[in-house]
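In the working numbering, the protein residues as written are 5 to 224.
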């Protein structure tokens with residue numbers, strides 16, 4: 005049995021008017037598309053994506069309450085921190101985190117969260133901006149057992165996790181297993197760091213550049 009939830013996260017990069025002398029005003033709306041596929045039991049858990057941009061910490065299109073929640077992350081204020089070598093995992097990982105995920109549930113099973121990173125586009129067209137990503141700060145715990153990986157005889161353990169650089173159009177994932185019979189709430193967390201090639205940004209056209217991140221949650 006497999007259940008899959010797919011959420012489309014739009015990460016928006018606005019080229020700042022003060023830095024580049026652009027004159028664009030106003031915002032163009034984007035929508036978070038959420039598709040849910042369910043087979044079998046009713047309690048499949050939940051997944052929440054949260055912006056990690058200082059001053060803009062909010063949930064992105066919560067699966068539980070998608071209406072009225074933001075559907076994009078504006079990373080303009082963090083640009084200087086995000087510039088770097090897109091071929092290497094950043095040594096200052098926490099300074100480049102742009103969003104995090106939180107998965108919670110109460111059932112046993114094997115779970116996978118997969119994130120696929122699209123290329124940047126310029127107002128719907130092509131874009132010269134290039135970026136890479138890294139997955140880190142992963143955490144697997146039971147919420148009512150002193151934040152440990154075991155509770156009431158049940159266990160939660162990491163099976164695999166993508167390490168290293170994740171280039172555009174590629175995916176990163178984390179998988180874990182919760183032991184059979186579990187009824188305790190478990191929580192899995194992780195963060196995504198982003199690196200932008202500075203020269204590609206400098207040479208990019210004025211206007212809004214955006215990239216889509218597809219988040220897939222699988223239960224077996």
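Built from N, CA and C at the ideal position, the CB exists for glycine as well.
Check	Outcome
Grouping DSSP H, G and I as helix and E and B as strand, with all else coil, what is residue 141?	strand
So, with DSSP's three-state summary, where would you put residue 85?	helix
Can you give me the C-alpha to C-alpha distance between residue 170 and residue 63, rounded to a whole angstrom?	23 Å
Looking only at DSSP bridge pairs, what is residue 162 linked to?	180
State whether the stretch 210-223 contacts the stretch 155-162, with contact taken as three or more CB pairs (one from each stretch) at a distance under 8 Å.	no
Considering only the alpha carbon of each residue, which of 183, 222, 188 lies closest to residue 151?	188
Using CA atoms only, rank isn't needed, just tell me which of 57, 167, 95, 157 is closest to residue 182.	157
So, with DSSP's three-state summary, where would you put residue 97?	helix
Using DSSP bridges, identify the partner residues of residue 103.	55, 196
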